[in-house]
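So the protein sequences, as listed, match chains A and B. In terms of UniProt numbering, the first sequence has 202 at position 202, counting the first letter as 1, and numbering is strictly consecutive. In terms of UniProt numbering, the second sequence has 18 at position 18, counting the first letter as 1, and numbering is strictly consecutive. In this text, a Cβ means the ideal position worked out from N, Cα and C, and glycines have one as well. In this text, all values refer to a predicted model and were calculated from it rather than measured experimentally.
2 protein chains.
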Amino acid sequence: MVPTSKPEAEVAPRARRTRLTPEREAELYAAVLAELVESGYDALTMEAVAARARSSKATLYRQWGSKSRLVAEAMRHNRPFSLDGLDTGSLAGDIHELAGRMGRAKQDHEVFRAVAAAAHRDPELGAALQEVTIGPVMDTLREMLERAAARGEIVADAPAAAYFPHMLLGAMFGRKLFDRCEPDPEFLRRYVDDAVLPALRHRG
Amino acid sequence: MVPTSKPEAEVAPRARRTRLTPEREAELYAAVLAELVESGYDALTMEAVAARARSSKATLYRQWGSKSRLVAEAMRHNRPFSLDGLDTGSLAGDIHELAGRMGRAKQDHEVFRAVAAAAHRDPELGAALQEVTIGPVMDTLREMLERAAARGEIVADAPAAAYFPHMLLGAMFGRKLFDRCEPDPEFLRRYVDDAVLPALRHRG
């Protein structure tokens, strides 16, 4: 049903989507994410998504216009792991708690990995990744550091604070790439204690 | 021409390749790398490589057997940036020199990025990446730290030394992902001074 009570200009951008129920939309997004994890972004096809969701390529193009828009919307719809109430009382504890929540959300992790490389080339995907994952995680990391500085665990104006996200990303990606295993909690604990905290305690 | 002077057992594994001249092989490998950078690993097809190199899918399969083997061999053939004589007299200088050499080898960097995600799923690719890039870089990093410790720039048994590659990887990938720009020399200089060196100077 196309809504008619709103002014034309407001309705137009989403009007083409109004034929799908929220339930059907959710099914299609789930199919997109499953295909993404299975094939990677570059090899994902609208045909494969349509087949998995028992839909048609024509429907997908009519509703979303392009593969990158469809994937971006699927990522937005499937908000990942919660960051709420992440406050354990210590910086190391906070990082482990964050890593644990991210680690348990295994599909999100795989979606992130599948999309990260393509996001360099595609601004639409890049924006979705930023909004859904990177932005919220960056905010959480900033708050962690503020609390840690307030407790005196790290110095308040550590120059390394700007590179805190980069150091954590290196632990996640590097563990896979160099050591060919998962960044498990024990590895992260050592990495934080041996590399991250010493850097954050240095006043520059 | 199939060589006949060697014992059968030694010849067999490479015999199927002997019909291509080294020049033709080099052209095919160049086509593989160009396709890889353009399409990413997952979307790369034998058809596209064959078309670019004016060859045929049948030839590619006869010579290499599979896409992952073809890509792995193309990476091995195209040895990246040289690491020879990388010794500037300071750890920061060495890291900048390494980053500069890696940065100038722009295609290698893009090939690495195109293959890194797929290498998690494909042991053949993973082994090629390890042999061509990761292994030599890890050796170079280890030597850098040994020289830096000998000069007294860092402590000899810094617990963070084990995470030196991870921290540098975080700078390269994180700069793109979080800050959406290239890890230029100025960024790397600050990252090394503010995050990496303080960690490496900490005795644990």
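- Annotation: E143/A to Q130/A spans about 18 Å, alpha carbon to alpha carbon.
- Annotation: Cβ neighbours of R113/A in chain B (cutoff 8 Å, chain order): A117 and H120.
- In chain order, A195, P198 and A199 make up the part of chain B whose C-beta sits under 7 Å from the C-beta of A199/A.
- Below the 8 Å Cβ cutoff, chain A contributes no neighbours of G152/B, its closest Cβ being approximately 18 Å away.
- Identification of residues in the region 85-113 of chain A having a C-beta nearer than 7 Å to some C-beta of chain B yields R113, given in sequence order.
- 7 Å or more divides the Cβ of D122/B from the Cβ of G40/A.
- Beyond the five residues adjoining it in sequence on each side, L86/B comes within less than 7 Å, by CB distance, of D94, E97, L98 and T140 in the same chain, given in chain order.
- Using a Cβ-Cβ cut-off of 7 Å, Y29/B does not count as an interface residue toward chain A, since no Cβ of chain A sits closer than that to its own.
- Under the Cβ criterion of 7 Å, L169/B is counted among the residues facing chain A.
- DSSP places H202/A outside both helix and strand once states are collapsed to three, so it counts as coil.
- For the UniProt DNA-binding region "H-T-H motif" (45-64) of chain A, no residue has a beta-carbon sitting nearer than 9 Å to a beta-carbon of chain B.
- When only Cα atoms are considered, Y163/B and A34/A end up about 33 Å apart.
- Contact with chain A is absent for H77/B, since none of that chain's Cβ atoms lies less than 7 Å from the residue's Cβ.
- Look at the beta carbons and you see the region 158-178 of chain B touching the region 190-202 of chain B: at least three pairs across the two are nearer than 8 Å.
- In this structure, the CA atom of L20/A is about 34 Å from the CA atom of A118/B.
- Non-local C-beta neighbours of R79/B in its own chain, meaning closer than 7 Å and more than five positions away in sequence, comprise V132, ordered along the chain.
- Burial state of E73/B is buried, judged by a 10 Å Cβ sphere holding 16 or more other Cβ atoms.
- Residue state for V49/A is assigned as helix, using DSSP reduced to three classes.
- Taking a Cβ-Cβ threshold of 7 Å, the residues of chain B close to P165/A are G174 and F178, in chain order.
- At a cut-off of 7 Å, the C-beta of A34/A has no neighbouring C-beta in chain B.
- In its chain, beyond the 5 residues on either side, no residue has a beta carbon closer than 6 Å to the beta carbon of T59/B.
- Distances from the CA of G174/A to each of F178/B, L177/B, M167/B and K176/B were compared; the closest alpha carbon is that of M167/B.
- Note that the C-beta distance between E25/B and L91/B is not below 7 Å.
- Look at the region 133-146 of chain B: the residues with a C-beta under 9 Å from a C-beta of chain A are I134 and M138.
- Out of A51/B, R189/B, R101/B and A128/B, the CA that lies nearest to the CA of E27/B is found in A51/B.
- In the three-state scheme derived from DSSP, where H, G and I count as helix and E and B as strand, R54/B is classed as coil.
- Across the set L70/A, R62/A and T88/A, the C-alpha of T88/A shows the shortest separation from the C-alpha of R147/A.
- Put simply, the CB of D184/B is far from chain A, with every gap to its CB atoms at 7 Å or more.
- Under the criterion of beta carbons closer than 8 Å, S68/A and L125/A qualify as touching, at roughly 5 Å.
- Chain B has no Cβ within less than 7 Å of the Cβ of D157/A.
- When 7 Å is used as the limit between beta carbons, S39/A is near these residues of chain B: D42, in chain order.
- Boundaries of the alpha helix (DSSP H) around L141/B: G135 to R151.
- In this structure, the straight-line span from the alpha carbon of L36/A to that of V155/B is close to 45 Å.
- Minimum Cα-Cα distance from R190/B among the listed residues R76/A, M46/A, A158/A and R54/A corresponds to A158/A.
- Rounded to whole angstroms, the separation of the alpha carbons of H109/B and G204/B is 34 Å.
- Rounded to whole angstroms, the Cβ separation of A116/B and L169/A is 13 Å, and the two are not in contact under 8 Å.
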